[in-house]
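A.B. asks: Just so we're aligned: 81 in full-length UniProt numbering is position 81 of the sequence shown, and the numbers increase by one with no gaps anywhere.
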Amino acid sequence: MNAGQKVYTVSQINQYVKGLLDGDERLSALFLRGEVSNFKKYPSGHCYFSLKDAESAIRCVLFRREAGQLRFQPRNGMNVIAFGRLTVFPRDGQYQLYCSQLSPDGVGDLYLAFEQCKEKLYREGLFDPARKKPIPRFPQTIALITSPAGAAVRDMLRILKARWPLAEVGVIPVRVQGAEAPGEIRAALEWANRHAVADLIITGRGGGSMEDLWAFNDEGVARAICASGIPVISAVGHEPDVTIADFAADLRAATPSNAAELAVPDQNEVYAALLGLRERLARAMARRLERERQRLEGLSSRRALTDPMAPIQDRRVLLDYQRERLSRGLERRLERERGRLAGLAAALDAMSPLKVLGRGYAIARKEDGTLVRSRTQAAPGEALEVRVSDGALRCRVEETVER
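(1) If you draw a straight line from the C-alpha of Ala379 to the C-alpha of Glu399, how long is it?
(2) Do you know whose CA, among Thr370, Ser327, Leu121 and Val153, lies nearest Ala260's CA?
(3) Can you tell me which residues form a DSSP beta bridge with Lys99?
(4) Helix, strand or coil for Thr376, going by three-state DSSP, please let me know.
(5) Does the beta-carbon distance from Glu190 to Ala215 come in below 8 Å?
(6) Please check the pair Ile145 and Ile201, which I expect to be a contact at CB under 8 Å, by giving their CB distance rounded to whole angstroms.
(7) What do you get for Asp218, buried or exposed, if any count of 16 or more other CB atoms within 10 angstroms of its CB means buried?
(8) So, at 8 Å on beta carbons, what are the nonlocal neighbours of Ile244 in its own chain, with the 5 sequence-adjacent residues on each side left out?
(9) Just curious, the alpha helix (DSSP H) that Lys161 is in, first and last residue?
(10) What is the C-beta distance between Val386 and Ala362, in whole angstroms, given that I count them as a contact (C-beta under 8 Å)?
(11) How is Val270 classed by DSSP in three states: helix, strand or coil?
(12) Taking 8 Å as the threshold, find out whether the stretch 161-171 comes into contact with the stretch 261-276 through three or more Cβ pairs.
(13) Using CA coordinates, which residue listed in Ala235, Gly206 and Ala192 is at the minimum distance from Ser228?
(14) Taking its Cβ as the centre, do 16 or more other Cβ atoms sit within 10 Å of Glu331, making it buried, or is it exposed?
(15) Below 8 Å between beta carbons: does that hold for Leu213 and Gly178?
(16) Could you compute how far the alpha carbon of Ile81 sits from the alpha carbon of Arg33?
(17) If Gly150 and Gly206 are in contact, beta carbons under 8 Å, what's the gap, nearest whole angstrom?
(18) Going along the chain, which residues of its own chain have a beta-carbon closer than 6 Å to the beta-carbon of Cys395, five neighbours each way excluded?
(19) Would Glu184 be called buried (16 or more neighbouring beta carbons within 10 Å of its own) or exposed?
(20) May I ask you to report which of helix, strand or coil DSSP gives Thr306?
(21) Measuring alpha carbon to alpha carbon, tell me which residue in Ile13, Glu239, Thr87 and Val388 is nearest Ser28.
(22) So is Ala167 buried or exposed if we call it buried at 16+ other beta carbons inside 10 Å?
(23) Suppose the cutoff is 6 Å on Cβ atoms and the five residues either side in sequence are ignored; what does the same chain contact list for Phe127 look like?
(24) How far does the beta strand (DSSP E) with Asn193 in it reach, from first residue to last?
(25) Between the Cα of Arg64 and those of Leu102, Asp241, Pro182 and Arg293, spot the shortest distance and give me the residue it belongs to.
(26) How long is the line joining the alpha carbons of Pro173 and Pro148, rounded to whole angstroms?
(27) Could you compute how far the alpha carbon of Gly276 sits from the alpha carbon of Ala284?
(28) Going by DSSP, what residues sit across from Phe31 in a beta bridge?
(29) Look up Gly391 in the DSSP assignment and give the residues it is bridged to.
(30) What are the boundary residues of the alpha helix (DSSP H) that includes Ile244?
(31) By the three-class DSSP mapping on this structure, what secondary structure does Val221 have?
(32) In the DSSP assignment, find the alpha helix (DSSP H) that holds Pro256 and state where it starts and stops.
(33) Looking at Gln15: is its Cβ nearer than 8 Å to the Cβ of Cys60?
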């Protein structure tokens with residue numbers, strides 16, 4: 001090292017390089033195309049990542065304020081175009097791009113944000129048809145969450161009044177465009193549910209560009225629609241316009257006017273249907289009355305009504321017939337029993353001891369009435385009574401003889 005040659009510190013060199021880069025106008029407003037790599041968002045809200053191509057990479061930083069303005073979520077592998085200024089962070093001595101804007105390469109950031117939000121909520125099941133609530137057929141109160149000054153609200157009020165004037169319609173005024181619009185729409189949905197102000201909610205606005213309709217692509221608005229206990233009809237833009245709110249709502253209408261038509265029945269159609277029902281009821285009642293009249297005529301011609309004593313007389317004849325049958329039955333039964341009794345008497349008579357006595361036999365009894373069946377039952381000198389066919393003999397035993 002030559003005497004007198006100046007020696008610089010690392011900080012001085014980094015500051016010098018930083019000054020060179022900051023002074024280059026081309027590097028102070030730079031568009032850079034590349035693929036996102038190593039993307040990381042810190043709790044502070046700042047985002048750090050790298051942009052790379054096939055041969056090189058450059059570090060980038062997106063501070064919280066700029067990151068909060070993004071409509072999409074950067075991901076690794078995504079091709080983007082970054083705008084910002086290139087400078088050196090003196091502490092590390094590395095140059096990096098301080099991004100102020102970031103947009104997808106080849107597709108608009110609004111469209112990408114729309115697809116990302118739709119995919120996220122779809123995976124969570126918020127668009128599942130099973131969770132959608134039925135729209136009441138005859139709503140009594142309807143809340144319109146929309147701008148009070150737009151043509152859409154006037155069209156809806158006109159159609160609702162013409163189709164179903166019985167419904168009470170109220171407007172909850174909100175902004176439907178701009179940064180404040182999503183928050184107002186969410187708050188209106190929550191307020192309507194908290195106070196149960198309606199049987200049905202219609203939220204939406206007239207047509208416009210994708211930026212104009214963006215409030216209805218807000219994730220918070222979609223979640224508020226799904227959380228609503230009151231059925232919600234989404235009515236945003238024209239027929240080709242589709243928003244996240246359309247997927248989240250219980251029913252999607254092509255336009256605000258179409259939403260009013262879907263919300264209530266047509267009073268003329270209901271009146272015609274009631275007339276038809278009245279005619280059907282009248283015809284049915286006429287047929288019923290004719291059947292009952294014929295039935296009444298049939299009943300009035302019956303003998304029970306024309307001759308009230310006829311049933312009694314018929315019963316008397318039947319009673320005489322049954323009494324005659326009973327009498328004959330009893331006689332036959334008595335005859336059978338008489339024959340049976342005579343048979344039993346003959347059998348009993350045949351077994352009577354008196355019949356035996358009539359054939360010359362006798363029965364000996366002691367004084368106490370005991371029958372003497374053996375010679376051993378009587379002793380000489382004992383008194384006996386001998387029963388014969390026509391009376392009895394009082395005898396005394398002189399001797400017992402063995403045979």
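By construction, the Cβ of each residue, glycine as well, lies at the ideal position given by its N, Cα and C atoms.
C.D. replies: So, from the data block:
(1) 7 Å
(2) Val153
(3) This sequence places Cys at residue 99; Lys is not what is there. Leu62 and Gly84.
(4) helix
(5) no
(6) 6 Å
(7) buried
(8) Phe114, Cys117, Lys118, Leu121, Phe216, Asn217, Asp218, Glu219, Val221 and Ala222
(9) Ala151 to Arg163
(10) 5 Å
(11) helix
(12) yes
(13) Ala192
(14) exposed
(15) no
(16) 4 Å
(17) 6 Å
(18) Leu384 and Val386
(19) buried
(20) helix
(21) Thr87
(22) buried
(23) Phe247
(24) Where Asn193 is concerned, there is no enclosing beta strand (DSSP E), although the alpha helix (DSSP H) it sits in stretches over Ala181 to Arg194.
(25) Leu102
(26) 5 Å
(27) 12 Å
(28) Phe83
(29) Val388
(30) Ile244 to Ala248
(31) helix
(32) Pro256 to Ala263
(33) no
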